[in-house]
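S.K.: One structure, pasted below without further comment.
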Amino acid sequence: MIRKLGLVSALALATALGGCAAMNTAGSDPTTAPAFAIAPADYVRDIHSYARPEIARVTHVSLDLTADFEAQTLSGAAALDISGEPGANEIVLDVRNLDIRDVHDAAGTPLQFETGPNDAILGQPLTIRFPAFAPGERRRIVVRYATRPDAAALQWLTPAQTAGGQKPYMFSQGQAILTRTWVPTQDSPGIRQTWDARIVAPNGLRPVMSAEAVGRGEPAGPGLTAWRFNEPNPVPPYLIAIGVGDVAFQAIDERTGVWTEPSMLHDAHDELIPTAEMVDVAERLYGPYRWGRYDILVLPPSFPFGGMENPRLTFATPTIIAGDRSLVSLVAHELAHSWSGNLVTNANRADFWLNEGFTVYFENRIMEAVYGPDRALMLQSLGWGDLQSTLADLPPADTRLKLELAGRDPDEGLTDVAYEKGAAFLRTIERIVGRERFDVWLKGYFERNAFRPMTTERFLEDIRTHLVTTKALEDQLMMDAWIYQPGMPSNWQPPVSTAFVPVDAAARAFFADKGPASAIPWSGWSTQERQRFLAWRPENRREGADWLTDAQLADLEATLNLRDEGNAEVLYSWLQIAVQHRYQPAVPTLEKFLTTMGRRKFVLPLFQSLWAEGDWGRPIATRIYAQARPGYHPVTTNSVDAVVGRP
Ligand code: BES
Ligand code: ZN
23 MIRKLGLVSA LALATALGGC AAMNTAGSDP TTAPAFAIAP ADYVRDIHSY ARPEIARVTH
83 VSLDLTADFE AQTLSGAAAL DISGEPGANE IVLDVRNLDI RDVHDAAGTP LQFETGPNDA
143 ILGQPLTIRF PAFAPGERRR IVVRYATRPD AAALQWLTPA QTAGGQKPYM FSQGQAILTR
203 TWVPTQDSPG IRQTWDARIV APNGLRPVMS AEAVGRGEPA GPGLTAWRFN EPNPVPPYLI
263 AIGVGDVAFQ AIDERTGVWT EPSMLHDAHD ELIPTAEMVD VAERLYGPYR WGRYDILVLP
323 PSFPFGGMEN PRLTFATPTI IAGDRSLVSL VAHELAHSWS GNLVTNANRA DFWLNEGFTV
383 YFENRIMEAV YGPDRALMLQ SLGWGDLQST LADLPPADTR LKLELAGRDP DEGLTDVAYE
443 KGAAFLRTIE RIVGRERFDV WLKGYFERNA FRPMTTERFL EDIRTHLVTT KALEDQLMMD
503 AWIYQPGMPS NWQPPVSTAF VPVDAAARAF FADKGPASAI PWSGWSTQER QRFLAWRPEN
563 RREGADWLTD AQLADLEATL NLRDEGNAEV LYSWLQIAVQ HRYQPAVPTL EKFLTTMGRR
623 KFVLPLFQSL WAEGDWGRPI ATRIYAQARP GYHPVTTNSV DAVVGRP
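Okay, here's the thing in C-alpha cells:
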C-alpha cells in the first residue's frame, strides 16, 4: 500500500497516513535512525507551522551565511538533510520575508519550488518538489537565499547603538516563530534538527551562536573571516541563535563564562559569577547538564527579552547587570530551560506552560539552593502577586494552562499563566506528594523525555504512570482542574513570605495612611523588598483613580532618590506608579528609560499605561516612541506599534 503512494501528492499521502499506525515506522531504519527519531504518528499538529513532518522532515540544517552589515542581510545557503515517508515527493518548510534564489539537490540539479500565500503571522509555506522517496532514503537539498533588512528575528544595530560605539552589531531572537525569517526550515518546536554553521563576518566582528564553536576563525576573502559552529543535539529551530559584534569572552569556571562587548565585560562577569554554582546545583537536582558549556551573551540594551535560553549560550539583557547580583534569578531561569524546554520541549504553543511553568519551578529551586529559602520565597511571592493581577485582567479562557491559540499569534500565550500558574501547579504537587518523591519523578521525566516534544496530555500520562498512581492522590491533586479550568483550583496555597510582612506594613503606612517617605526603611531593603513595596496597590483601586497625592509622589521620588535609580526592575515599578498618576516630574526619567533600553516586558506596559492616561499620556507616548522606536528590536516595535501606532 505504501509503495503505491509514489504518485499521489503529499497532501493525499498525509491523509492516507492518518490513523494508520502500522505504517508509521516503515520509513525509518532502526539501525541508522538517530536515537531521537520521532515516529511520524507522534508528530503533533502545530497550527503555527506549515510543515508536514508526517510526510517529510528536516533532520539537519547546515548554514553557510555571510553577514553583510551594509546591506543588513545574511545571505548564502541552507543545506537541509531530509527524510521522508516512502513515496513522499515534496517537503514543506516555513519561510517569512526571505529572498529565495534557488533550490537544488546534493548533485546540483535544480528542484522545483513554490511559496504559498503570505500570512502576516505565519509567513509562507515553501514547498519543494523532488522524485518520490524510497524506503529508508535520506537526502540533502540546498536552498540559496538571503534575509531582508527587516527580518523580524534580526536586529542590525549601528555602532551608536552599542556600548563601544565603534562597530555595528547584529543578533537574532527566534522564539516563538521568528527563525523562519532567517533560516528556511521546518519551524515547529516538535521537529528537532541538529545543525551546523559557517558564518562569514567582517574582521573585527565575532560571531557567536547557540552551538559549539569549532576551531578558530579562518580567512574568507578580503577583510572577512569565517567561523564554524556545530550543534550535535537535535533542537527545535527556535533555539538556533546568532550574535555578531565586537564581543569578548571571560571564563567564570571551566564550563561557564560571559560574552559581551569589551567595555561591559568586567561588570557583566562580576555580576554573573554565581552562574557556575547554579549549573552545579541544577545538575544535583535534576541530572546531568547535557550541553557542554553554559555561557551567557550579554547583549546591547535593545535585546527585547530579559533572557532567552539559547542552548550553550543564554542571551541576556544588560538590564540584569545591576551591580549587586540582585537580578541573577534570570540566569537560574534560562539555565533551567536547559532541561525544561531545551531537553523536553513543548510540542506547540498551546503547551507553552510545559516550558515556562516547569522552568519557573526549577529556577526557584536553584535560587533556594544557592541563596536560601527566604530569597526563594520572596521570588515566589512576587510571582504570585503578578499572577493575581494577570488573572484579574485576562478573559477566563486564557487562564487555563492548556491554551486555545487557533488563529492567534503565539505571543498571546506569553502571560504569567504559563509561568506562574504553571509553577504553582508543580509546587502544589510537590507539597502534596512531598519534595523527595516529586524530585525523583521530575528527574525521571527529564530523562525519559529528553530530546522529545511534550504535550500536556503526554505529561499527564507520564505523571500518572510514575507518580500519581492512586485514586486518592489523583483526587487530592486536581490535575485536570489546574490544566483545563480557568483560575486557581481550591488546593492552591499561596506562598507566605515572612520577609514581606514588614514591607507590607511600611507600604500601608506610606500609601494608605499617608505617612512620610522618610519612615520607609528603603536602604536596608533588597531589590525584591523594594519591588514588593512599589507593587503595593489599594484593594479597591478604581481604574484611573489617583491613590497618591502629588506631594506624596514628590516625597517618594526625592527620599528614595528614584531619579537616579539604577535597578531596572525597581525603576520600572516606580515609573508605573508615576505614569498612573500623571506625575509630570518623572517624565524625563521615563523618557531616558524608554530610549536607552528595549526590553519588551518594561517598554510595552509603560506605553500601555501612558496610552491609558488619554490626553496626558498619549502625546508623551507618541513623542517618546518616535524617538525610541528606531532603537528597538522588531519584537518590541511590533507590540508597541499595536498600542501607539507607527510614528
Ligand atoms: N523563553 C523565554 C522568552 C520567550 C518566551 C521569548 C516566548 C519568546 C517567546 C525566556 O526564558 C523567558 O521566560 N524570559 C523572561 C525572563 C524570566 C526570568 C521570566 C523574560 O525575558 O522576561
Ligand atoms: Zn523562560
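Heads up: take any position in the sequence shown, counting from 1, add 22, and you land on my numbering. Ideal placement from N, C-alpha and C gives every residue a C-beta, glycine not left out.
Which residues bound the beta strand (DSSP E) around V392?
M.R.: Where V392 is concerned, there is no enclosing beta strand (DSSP E), although the alpha helix (DSSP H) it sits in stretches over 374–393.
S.K.: Relative to the alpha-carbon of Q197, which residue among G309, A89, F374, G187 has its alpha-carbon at the smallest distance?
M.R.: F374
S.K.: In angstroms with no decimal places, state the Cα-to-Cα distance between K536 and L628.
M.R.: The C-alpha of K536 lies about 26 Å from the C-alpha of L628.
S.K.: Compute the minimum distance between the beta carbon of H355 and the heavy atoms of the ligand ZN, and state whether it is under 7 Å.
M.R.: yes
S.K.: Can you tell me whether L227 sits near the ligand BES, meaning its C-beta is under 7 Å from at least one heavy atom of the ligand?
M.R.: no
S.K.: Which value, in whole angstroms, describes the spacing of the CA atoms of V657 and A494?
M.R.: 46 Å
S.K.: Given the structure, does H603 come close to the ligand ZN, in the sense that its CB is under 7 Å from one of the ligand's heavy atoms?
M.R.: no
S.K.: Taking only three categories from DSSP, how would you classify H488?
M.R.: helix
S.K.: Where I69 and L144 are concerned, what is the direct C-alpha to C-alpha distance, given to the nearest angstrom?
M.R.: If I take the Cα positions, the gap works out to 9 Å.
S.K.: Note the first and the last residue of the continuous alpha helix (DSSP H) segment covering D460.
M.R.: As written in the sequence, residue 460 is Phe, which differs from the Asp given in the question. F460 -> alpha helix (DSSP H) spans 457–470.
S.K.: Along the alpha helix (DSSP H) that carries H288, what are the first and last residues, could you check?
M.R.: 284–293
S.K.: How big is the Cα-Cα spacing for G429 and L626?
M.R.: 23 Å
S.K.: Who pairs with H82 in a beta bridge, going by DSSP?
M.R.: Looking at the DSSP assignment, H82 forms a beta bridge with D103, T216.
S.K.: One question on the structure: do E283 and G267 come within less than 8 Å of each other, judged by their Cβ atoms?
M.R.: yes
S.K.: Helix or strand or just coil, what does DSSP make of W204?
M.R.: coil
S.K.: Comparing alpha-carbon positions, which option in F460, H488, A539, I163 lies nearest D577?
M.R.: Among F460, H488, A539, I163, the Cα nearest to that of D577 belongs to A539.
S.K.: Let me know the secondary structure DSSP gives R530 once reduced to three states.
M.R.: helix
S.K.: V523: buried (16+ other C-beta within 10 angstroms of its C-beta) or exposed?
M.R.: V523 is exposed by the Cβ-count criterion.
S.K.: Beta strand (DSSP E) containing I505: first to last residue?
M.R.: Premise fails: I505 lies in the alpha helix (DSSP H), 501–506, not in any beta strand (DSSP E).
S.K.: Between which residues of its own chain and A290 is the CB-CB distance below 6 Å, once the five residues before and five after are set aside?
M.R.: V280, T282, V320, I343
S.K.: Taking the straight line between their C-alpha atoms, what separation do you get for K702 and I505?
M.R.: As shown, the chain starts at 23 and ends at 669. That puts residue 702 outside it, with no answer to give.
S.K.: Can you give the Cα-Cα distance for F135 and P254, rounded to whole angstroms?
M.R.: Straight-line spacing of the CA atoms in F135 and P254 works out to 29 Å.
S.K.: Does the contact criterion of 3 or more C-beta pairs under 8 Å hold for the stretch 299–310 versus the stretch 454–468?
M.R.: yes
S.K.: Would you decide whether Q553 is buried or exposed? Buried here means 16 or more other CB atoms lie within 10 Å of its CB.
M.R.: Classification for Q553: buried.
S.K.: So the alpha helix (DSSP H) A298 belongs to, where does it begin and stop?
M.R.: Unbroken alpha helix (DSSP H) run through A298: 297–308.
S.K.: Provide the residue(s) that pair with N660 in DSSP beta bridges, ordered along the chain.
M.R.: Paired residues: none, contrary to the question.
S.K.: Could you work out which residue in Q410, T581, N589, P432 is closest to P516 when comparing CA atoms only?
M.R.: Nearest to P516 by C-alpha distance, out of Q410, T581, N589, P432, is Q410.
S.K.: Could you pull out every residue in the same chain whose Cβ sits closer than 7 Å to the Cβ of K623, ignoring the five residues on either side in sequence?
M.R.: G328
S.K.: Locate the beta strand (DSSP E) running through R160, then write down its first and last residues.
M.R.: 160–169
S.K.: Look at the alpha carbon of H82 and the alpha carbon of R604, and state the distance between them as a whole number of angstroms.
M.R.: 54 Å
S.K.: Look at the Cβ atom of V114, then the Cβ atom of Y72, and state whether they are nearer than 8 Å.
M.R.: yes
S.K.: What's the C-alpha gap between V518 and A398?
M.R.: 11 Å
S.K.: How should D526 be labelled, buried or exposed, when 16 other C-beta atoms within 10 angstroms of its C-beta is the threshold for buried?
M.R.: exposed
S.K.: Taking a contact to mean a Cβ-Cβ separation below 8 Å, would you say I150 touches E112 in this structure?
M.R.: yes
S.K.: Could you give the distance in angstroms between the alpha-carbon of Y676 and the alpha-carbon of P543?
M.R.: There is simply no residue 676 to check, as the chain begins at 23 and stops at 669 in what is shown.
S.K.: I'd like the span of the alpha helix (DSSP H) that includes R622, first residue to last.
M.R.: 622–634
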